[in-house]
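Heads up: the protein sequence lines correspond to chains A and B, in order.
Residue numbers for the first sequence follow our numbering, so the first one is 1 and each next one is one higher.
Residue numbers for the second sequence follow our numbering, so the first one is 1001 and each next one is one higher.
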Amino acid sequence: MTNPRLLRAALPFLTLAIVLAATFYVQPRTMSYFGLNLMLQYAVPIALATTAQMFIITVNDLDLSIGPFVGLIGVIAATALNASPVLGAAALVACVLAYGLVGALVHARNLPSIVVTLGLSFVWLGIAVMILPSPGGKAPAALKALMTVQTPYVPFPILAAVAIGVIVHLALMTTSFGVIARGAGGNPKALARAGWSMLRTKVVMYMLAGVFGLLSGLALLGLTTSADAHVADRYTLYSIAGVILGGGEFMGGRVNPMGAVVGALTLALAGAFLIFLRISPDWQIGAQGAILIVVLAMRALVTYGEKRS
Amino acid sequence: MSAEAIRLDGVEKSFGAVRALAGVDLVVGVGECLGLVGHNGAGKSTLMHVLAGALAPDTGRLTVGGIEPKTAWSSASSQAAGIRCVFQELSLCPNLSVAENARIVHGALSGFGWKARARTLIRTKLDEIFPGHGINPDDEVGDLPIGKRQMAEIARAFTVTSAPLRLVILDEPTSSLDAVTAEQLLAYIAKETARGTAIILISHLLGEILSASDRIVVMKDGKAVAARPAKTFDRASLMAAMGSDLNDVAVSEQLRPAPKPDAPVVVRARPSGQGAGSELIVHKGEITGLAGLAGHGQTKTLLQIFARQGAEVDGPMAFIAGDRQSDGIFDLWSIAQNVTVRSLRSLTRRGFVDPTAEAQLARTWRDRIAIRTPSMDNNILTLSGGNQQKTLFARALGSDATVILMDDPMRGVDVGTKLEVYAMIRAEAAAGRSFLWYTTEVDELTHCDRVYVFRNGRITEAIDAADLSEQRVLQASFAESGT
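Right, here's the structure in full:
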């Protein structure tokens, strides 16, 4: 009984270990502080975006706008935040509040989140393109410094990923609020009957997603140093894939914060691995998809074993 | 301190044209166990939802402990007033642990160390109500069988943190419990009322109502039609007050001829837990009962037969689910679509579903099984629970299946509906259909020609109709218990 469950919880970590081992095998030079740092630095913004997506998935919704949102944050931070810190910061806070508003709208009007966020993705992208029609702008120096910091012994991206995973795990899986949030995904009716406001829960979760989207945008900007409205378009799919790779489920409030971060790391590594294999960029997306399918098939097998026992 | 726990005066509630509550007056005293009975659709569930604050009444007055609530009545204020509900459809979050589910109803379980307190709280209560329950507070609810889920939910309703417990509403609390745990619950109800907690007990098992309640209220057509001390009622007078007639059963018992002993075998199965022991055999036209304590392999065996794994079945099968919310109904579809889904192949003309034939089949079964609805095109959720279950019966009986598997299908169904369905099953069996019927209600086994008693996934005894007694079923269920 406990064995398949344990296996399932371990699956994201196993996947990461396999991809990591394969990468080391193909390109032994990556097995160093510098190599890991280089390979994993983009995992930090992906992990943050994945965590944002996980908050939305926790309450049985899906966010198809997180990629363009991350792009928009980068654009604002690379332009307005430099020109006028107060105005820039206000714009960023407004973005987070907008997420809360979306949550309220989705709940109050009982709208499908997929449709609402798909529409919003064009809104975010449109605003970003209006602010910055062509790539440019400049990352605030502090961001650049933070994202390229050289930590002793363990590369910064790994420390950052562990920190994100642990903090979100503690918040969502062990606090009494986390129980309410996950319960909202598991049985919203029961939660409402127990006297909890579903509206408030959804708004909080959407705003948390907004905050992590914001952090993701800033982290990404710190790495790219200049902004581009389209820079994070792929993040929408990455974030969903990361949550699912990490053992989360689309419905029912079953999520795994540590797993989600590990899923994001796996996706980032898989990209590097494919480059080392010298797979032509034309095939990379397809190859990444194939990796996803293999992992999800493994999970389906484990779940099947769990059901049979 | 008022002697009234809660009081309703002239409460009315309508859903569109349907008048669910037509002016209900109800008083529950402190420390009283009030039994509430009535057909499905009599308004019991609506009344409970009003008490729990989940539904706002159209008119009427509600007072709690003699005082009118200051704020608008809602789920939150009902919780704060110490009113707890165990609803018929389970309201636990399947993705959370038992302890975490306790947290959901207790605002006070927060801050540092809440989880340890939640664990202790729910474990203590489970131990108190259901000794030997075998539930770990860290078990994820989705992994528990339905009986244990119900135990966890009942225990949760009786846990106390900040708000004192005033009233606990138990809506069909024993529908998924076996005889032993149901008995434990009834014993606990007596203990809890002695401490001053009021309890409203809704059950279709009249024996339960008669033995556990101090006073019984009978509801009919959205009104309380009778309210008297429980001692003044017996089974027959309760049935009479509800408006159904016990004599119907007695008559139909006589009507059915015994199946021929030389009828061909249609099902031959060996439960997966069974070693070399006895097989389960069903002849054509037989009603075969599967009995024993809940969760001892009956459902598993039915599923195994349905999948034809380790079972030889002659003829098409249909399955009637007991957990209709999750396994039975398509809740976005109309009643008609829910009836015809099993028969679509035979309703297909040139690759398309023939809408006339589909509507025809749905209409036929509405009339035959008396599904109470103005239109079969209405959504399935507009029906009361009993009528939803009838729809599932219509789905199976309207199909080409000759073997019907039933997984405790009468869970939470009112007496009137039950009698109608029993008659239908007997008629269909007489016409040559075979039934495999898992039931948790010993009364229902009297309809069977042969009963297989299960324990730990194996058949321990096969009892023919002539030898059937509650005593024997219980003996076979418990023999060598503790091993």
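The beta carbon of each residue, even a glycine, is placed where N, CA and C say it ideally should be.
No experiment lies behind these values; they were computed from the predicted model shown.
Whole runs of the alpha helix (DSSP H) within the stretch 150–229 of chain A, excluding any shorter than 4 residues: Within the stretch 150–229 of chain A, the runs of alpha helix (DSSP H) that reach at least 4 residues and sit entirely inside it are, in chain order, 156–169, 176–186, 188–193 and 198–224.
Coarse secondary structure for A1250 (chain B), derived from DSSP in three states: Since pLDDT at A1250 (chain B) reaches only 44, below the 50 mark, its modelled position is unreliable, and the value read off the structure follows with that caveat. Of the three classes helix, strand and coil, the one that applies to A1250 (chain B) here is helix, per DSSP.
Simplified DSSP assignment, three categories, for E1153 (chain B): Collapsing the DSSP output to three states places E1153 (chain B) in a helix.
Chain-order list of residues whose beta-carbon lies under 7 Å from that of P140 (chain A) (same chain, five-residue window excluded): Scanning its chain for C-beta atoms nearer than 7 Å, with the 5 sequence neighbours on each side dropped, one finds around P140 (chain A) the residues A77, L81 and N82, in chain order.
DSSP beta-bridge partners of I1463 (chain B): Looking at the DSSP assignment, I1463 (chain B) forms a beta bridge with B:V1451.
Beta-carbon proximity of G1023 (chain B) to G1010 (chain B), cut-off 8 Å: Closer than 8 Å, so yes.
Selection of the stretch 1107–1129 of chain B by Cβ proximity to chain A, strictly under 9 Å: From the stretch 1107–1129 of chain B, only G1107, L1109, S1110, G1111, W1114, K1115 and A1118 have a Cβ closer than 9 Å to chain A.
Uninterrupted alpha helix (DSSP H) stretches inside the stretch 1108–1154 of chain B (no shorter than 4 residues): The stretch 1108–1154 of chain B contains, as complete alpha helix (DSSP H) runs of 4+ residues, the segments 1114–1129 (chain order).
Within-8 Å CB hit, N942 (chain B) to chain A: Outside the shown range of chain B (1001 to 1483) lies residue 942 (chain B), about which nothing can therefore be said.
Same chain, Cβ closer than 7 Å to L1246 (chain B), five either side skipped, listed in chain order: Only weak support exists for where L1246 (chain B) lies, its pLDDT of 40 falling under 50; the value from the coordinates is given anyway. Residues A1236 and M1239 of the same chain have their beta carbon placed closer than 7 Å to that of L1246 (chain B), with the five preceding and five following residues left out of the count.
Closer than 8 Å to chain B by CB, N187 (chain A): By this cut-off, N187 (chain A) is an interface position.
Residue-level contact to chain B via CB, L7 (chain A), 8 Å cutoff: False, the Cβ-Cβ gap to chain B never drops below 8 Å.
Beta carbon proximity, R254 (chain A) to chain B, threshold 8 Å: Closer than 8 Å: yes.
N1101 (chain B) to A1155 (chain B) span [Cα, whole Å]: Each residue's Cα considered, the two are about 11 Å apart.
Beta-carbon contacts of F34 (chain A) that lie in its chain and below 6 Å, excluding the five residues immediately before and after: Nothing listed; no residue qualifies.
Under the three-state DSSP convention, the category A1362 (chain B) falls into: In the structure shown, A1362 (chain B) sits in a helix (DSSP, three-state: H, G or I).
For V1160 (chain B), three-class secondary structure by DSSP: Looking at V1160 (chain B) - three-state DSSP - the assignment turns out to be coil, as it is neither helix nor strand.
Under 8 Å by beta carbon: chain A residues contacting S1343 (chain B): Against chain A, the beta carbon of S1343 (chain B) has no neighbour under 8 Å; the closest one sits roughly 29 Å away.
Rounded C-alpha distance that separates Y1188 (chain B) from A181 (chain A): If you take the alpha carbons of Y1188 (chain B) and A181 (chain A), they lie about 33 Å apart.
Which of helix, strand or coil DSSP assigns to A1263 (chain B): Coil, per DSSP.
Beta carbon of S1162 (chain B) nearer than 8 Å to that of G1035 (chain B): No, the Cβ-Cβ distance between S1162 (chain B) and G1035 (chain B) is not below 8 Å.
Residue from B:R1268, B:T1356 and B:G1285 whose Cα sits closest to the Cα of L1302 (chain B): That would be B:R1268, whose Cα lies nearest to the Cα of L1302 (chain B).
Within 8 Å, strictly: CB atoms of C95 (chain A) and G222 (chain A): For the 8 Å CB-CB criterion, C95 (chain A) and G222 (chain A) do not form a contact.
Residues from the stretch 1075–1086 of chain B in contact with chain A, defined by Cβ distance under 9 Å: Under the 9 Å Cβ criterion, the stretch 1075–1086 of chain B contributes S1075, A1076, S1077, S1078, Q1079, A1080 and C1085.
Beta-carbon proximity of M1219 (chain B) to L1177 (chain B), cut-off 8 Å: No, they are not a contact pair.
Run of the beta strand (DSSP E) containing H1283 (chain B), from where it starts to where it stops: Looking at the DSSP string, the run of the beta strand (DSSP E) that includes H1283 (chain B) is L1280 to H1283.
The stretch 1433–1453 of chain B / the stretch 1222–1237 of chain B touching (three or more Cβ pairs under 8 Å): The stretch 1433–1453 of chain B vs the stretch 1222–1237 of chain B: no contact.
I66 (chain A) and A49 (chain A) closer than 8 Å at C-beta: For I66 (chain A) and A49 (chain A), yes; Cβs fall inside 8 Å.
Interface residues of the stretch 189–205 of chain A facing chain B [CB-CB below 9 Å]: Going along the stretch 189–205 of chain A in chain order, one finds K189, A190, L191, A192, R193, A194, G195, W196 and S197 with a Cβ nearer than 9 Å to chain B.
Proximity below 8 Å, CB of M205 (chain A) to CB of I56 (chain A): M205 (chain A) is a Cβ neighbour of I56 (chain A), given a cutoff of 8 Å.
Under 8 Å by beta carbon: chain A residues contacting I1104 (chain B): At a beta-carbon threshold of 8 Å, the residues of chain A lying near I1104 (chain B) are V179, I180, G183, A190, L191, A194 and W196, ordered along the chain.
Reference T1373 (chain B), options B:Q1325, B:T1391 and B:T1356, closest by Cα: Scanning B:Q1325, B:T1391 and B:T1356 for the CA closest to the CA of T1373 (chain B) turns up B:T1391.
Any chain B beta carbon closer than 8 Å to S113 (chain A): So, not an interface residue.
4 or more residues per run - each alpha helix (DSSP H) lying fully within the stretch 58–90 of chain A: Within the stretch 58–90 of chain A, the complete alpha helix (DSSP H) runs of at least 4 residues are 66–78 and 80–83.
Near-chain B residues of the stretch 154–175 of chain A (beta-carbon distance less than 9 Å), N- to C-terminal order: Answer set for the stretch 154–175 of chain A: T174 and T175.
Unbroken beta strand (DSSP E) run spanning F1319 (chain B), endpoints: Boundaries of the beta strand (DSSP E) harbouring F1319 (chain B): M1317 to I1320, taken from the DSSP string.
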